[in-house]
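A short write-up of the structure that comes next.
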Amino acid sequence: MIVLFTDFSPTGPYVGQMKAVLAARAAGVPVIDLMHDAPACDPRRAAYLLAALAPEFPDDAVFVAVVDPGVGTDRPAVVVAADGRRFVGPGNGLLAIVARRAGRRAAWRITYRPERLSASFHGRDLFAPVAAMLARGDAPPGEPIDPAAIAMPGWPDDLAEIIHVDGFGNAMTGFRADRLVPDAAVTVSGRRLPRRRTFGEAAAGEAFWYENANGLVEIAVNRGRADRVLGIGIGTTLAIEDARG
Amino acid sequence: MIVLFTDFSPTGPYVGQMKAVLAARAAGVPVIDLMHDAPACDPRRAAYLLAALAPEFPDDAVFVAVVDPGVGTDRPAVVVAADGRRFVGPGNGLLAIVARRAGRRAAWRITYRPERLSASFHGRDLFAPVAAMLARGDAPPGEPIDPAAIAMPGWPDDLAEIIHVDGFGNAMTGFRADRLVPDAAVTVSGRRLPRRRTFGEAAAGEAFWYENANGLVEIAVNRGRADRVLGIGIGTTLAIEDARG
Amino acid sequence: MIVLFTDFSPTGPYVGQMKAVLAARAAGVPVIDLMHDAPACDPRRAAYLLAALAPEFPDDAVFVAVVDPGVGTDRPAVVVAADGRRFVGPGNGLLAIVARRAGRRAAWRITYRPERLSASFHGRDLFAPVAAMLARGDAPPGEPIDPAAIAMPGWPDDLAEIIHVDGFGNAMTGFRADRLVPDAAVTVSGRRLPRRRTFGEAAAGEAFWYENANGLVEIAVNRGRADRVLGIGIGTTLAIEDARG
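Residue numbers (this note's numbering), protein chains in the order written: chain A, 51 to 295; chain B, 51 to 295; chain C, 51 to 295.
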């Protein structure tokens, strides 16, 4: 299985162009669009989102992860293996959190150079071809590097910021709920929010936080849009008290 | 064939997460995204849209239908068989109209409980796994119930409201055109609209109604956006005179 | 491989309805969504976009191209073969540029009529079934015509207009970059833009043009949205000096 995680947006030709490469070079391998509205040009916030979503995928999944504002510069292209799953993408921190949370990790700097390498679309020209190689069973086409080379030691283990707003207006944070004590206080936009288990537990119009289906602290409003009610969006910071450890 | 009909929006990770489950549990079965912008949190209007779209799919199609504002509460999870096609989703009325219009119908309350059942994402954790079972040939994992239990007797046979606005600004209603006499009057936003067969029959800028490709009364403007020209959107009601029967 | 290029928007049921037809009639053939936000109702601008994107697809790809404001009128339905690739769509100019740029070209007027032919959705009822026939190896179901019949002799070889704005706000033109001398001046919104090879070569906030990954002149702003910074969108014209030939 090849899994796509990009900030290309679901519109435009880029996703289709990547898929055409995959269909030609890894025929028969299922391709899953995980999301194409990852935090745009923002590998740091995208890293926490990817790390929350990746663990439920099969152990042999190959991810193409592209949030790459530095495409065309000298940032490296890398392959990361984390608990068996492999990730292909830019070495700009996007894969740092998924690697940090893994029990087993390895990394390679991609040295393969395709015949055509545009300055602005490595997703199509480099990352998709490498993912197809991995999905077919080839070794990473590059040289092993110390995973520490792609770690971002200054980044926290969990990110107390909004990293995604879904179609309903619910706001995901980069903070894992199991890092909080059960009655932890979460404050955003000056409002201290209660914890609820489900939307149904909240009164109509009530703002609350809950552990979402991916294990993250999420801000929501029952029968309303949290983004509009609370005036929050990607990058809004939260105050979280009483986090464990 | 597994067909997805949700209000998750085409953005965000939810659709991809459902598809990963289907790819793992029903490998090789084609998965079709019918739409992911069904009327949001609105099973009533979504029910008429689904009922209009479903009949053109193959008889052995399995639908995953998720418009489920009550997820996490005690609303039942159901399987409905309607003229052979099977539908998996919440028992909140979403499947009531497709069942009502079928010549043959049956229903089951899902009793299967997956290892992981989040409070907010039954599409991934419950409905997709059940759809995979059905697509593989298993029986519905639950107990038969009287289809009357999921009927919504207070809902009309056709809904004289806008239930979807497409990318061109055309506004679909929940009313089947073959229920109208040919020269029926349709009034919306205080304007009585003529019937046209095609866009080309209407003058540039003219508002009209026609029978759309799914058999529904649709409001349109030739070379314009009906939603903006007429100030209409999901939920706008229509006055329809001279409907048959 | 069947490739979809439409202006249906990624939302709503139309794309899924086409894919259901393809899944039933060309089972096992990969279907790629190239884009569903081609310039809406605008076959002229869409023609230049399609012509820029098509050459990277496999020689045996079958394209379903639908930008068809005249659906339901007497505009012809056609098949075009261009350097081996085949294109199914309306004979309204949408396929004129891809044919013009091909070394080998042929055309057919589709005479096949399906059992169900709605007035407004030939993508589902006519073009998808014909594409499925071609993908299965059938000959075009129609009569050969002179490709000149679908040419648009009044249209230029390259279009000095914005034809697509991507999710990052970058604005693609219909002008091939290799038609310009290296230091060509591109002026848009009264601003003469420098050429850069990559985003990284531009200063933060600087507007520039570059050759995008599809060979087109594209207007961009480093770390910004060109559409907003320059006030440009689909249809904005450019002044291009010193084009070759």
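The C-beta atom is built at its ideal place from N, Cα and C for all residues, glycine as well.
Taking one beta carbon from each stretch, the region 126-145 of chain C and the region 196-207 of chain C have 3 or more pairs nearer than 8 angstroms; the two touch. Interface with chain B (8 angstroms Cβ-Cβ cutoff): His172(A) is excluded. Ala90(B) and Ile213(B) have their C-alpha atoms some 10 angstroms from each other. For Phe177(B), the three-state secondary structure derived from DSSP is helix. Counting along the chain, Arg75(B) sits inside the alpha helix (DSSP H) bounded by residues Tyr64 to Arg75. Under the 8 angstroms criterion on CB atoms, Met51(C) is classed as interfacial with respect to chain A.
The three-state secondary structure of Glu261(C), taken from DSSP, is strand.
Short of 6 angstroms from the beta carbon of Thr237(A), and not among the five residues preceding or following it, lie these beta carbons of its own chain, in chain order: Ala289. Of the candidates Ala235(B), Asp188(B) and Gly122(B), Ala235(B) places its Cα closest to the Cα of Phe258(B).
The bridge partners DSSP lists for Glu268(C) are Met222(C) and Tyr260(C). At a C-beta separation below 7 angstroms, Phe218(B) has no neighbours in chain A, since its nearest C-beta there lies roughly 15 angstroms away.
Listed in chain order, the positions of the region 244-262 of chain A with a beta carbon within less than 7 angstroms of a beta carbon of chain B are Arg247, Thr248, Phe249, Gly250 and Asn262. Beyond the five residues adjoining it in sequence on each side, Ala227(A) comes within less than 7 angstroms, by CB distance, of Glu261, Gly265, Leu266 and Val267 in the same chain, given in chain order. Among the CB atoms of chain C, none fall inside 8 angstroms of the CB of Pro190(A).
Comparing C-alpha distances from Arg166(A) to each of Ala156(A), Arg159(A), Ala178(A) and Trp158(A) shows the shortest one belongs to Ala178(A). Residue-level contact by beta carbon holds for Asp87(A) and chain B, with a gap shorter than 8 angstroms.
Taking every protein chain shown into account, the CB of Thr223(A) has 16 or more other CB atoms within 10 angstroms, so this residue is buried.
Residue pairing by DSSP places Met85(C) opposite Phe55(C) in a beta bridge. Taking 9 angstroms as the Cβ-Cβ cut-off, the region 223-240 of chain A has no residue approaching chain B.
In this structure, the straight-line span from the alpha carbon of Pro190(C) to that of Phe113(C) is close to 13 angstroms.
Residues of chain A whose Cβ lies closer than 7 angstroms to the Cβ of Gly66(B) are, in chain order, Ile82, Asp83, Leu84 and Met85. Within the region 102-133 of chain A, the residues whose Cβ lies closer than 8 angstroms to some Cβ of chain C are Pro119, Gly120, Val121, Gly122 and Thr123, listed in chain order. When rounded, the separation of the alpha-carbon atoms in Val180(C) and Val138(C) is 7 angstroms. Neighbours of Pro63(B) in chain C, taken as residues whose beta carbon is under 8 angstroms from its own, are absent, since the nearest beta carbon is some 16 angstroms off.
Close CB contacts of Pro80(A) within its chain, under the 6 angstroms cut and outside five residues either way in sequence, are with Met51 (chain order). Comparing C-alpha distances from Gly120(A) to each of Thr286(C), Asp216(C), Gly285(C) and Arg273(C) shows the shortest one belongs to Arg273(C). Within chain A, the C-beta atoms nearer than 7 angstroms to that of Pro60(C) come from Pro60 and Thr61, in chain order. A distance of 8 angstroms or more separates the beta carbons of Phe58(C) and Leu84(C). For Val231(C), there is no enclosing beta strand (DSSP E), as DSSP marks it with neither H nor E. Residues of chain A whose Cβ lies closer than 9 angstroms to the Cβ of Ala90(B) are, in chain order, Gly217 and Phe218. Interface flag for Ala182(B) against chain A is unset, since no Cβ pair is found closer than 8 angstroms. Going by C-alpha positions, Glu251(C) is about 12 angstroms away from Asp124(A).
Shortest Cα-Cα distance from Arg75(C) to any of Leu103(C), Glu211(C), Ala210(C) and Pro164(C) involves Pro164(C). If one requires a minimum length of 4 residues, the alpha helix (DSSP H) runs lying completely within the region 126-202 of chain A are 146-150 and 178-185, in chain order. Take the alpha-carbon of Ser239(A) and the one of Ala253(A): they are about 20 angstroms apart. Burial of Val271(A) is indicated by the presence of at least 16 other C-beta atoms within 10 angstroms of its C-beta.
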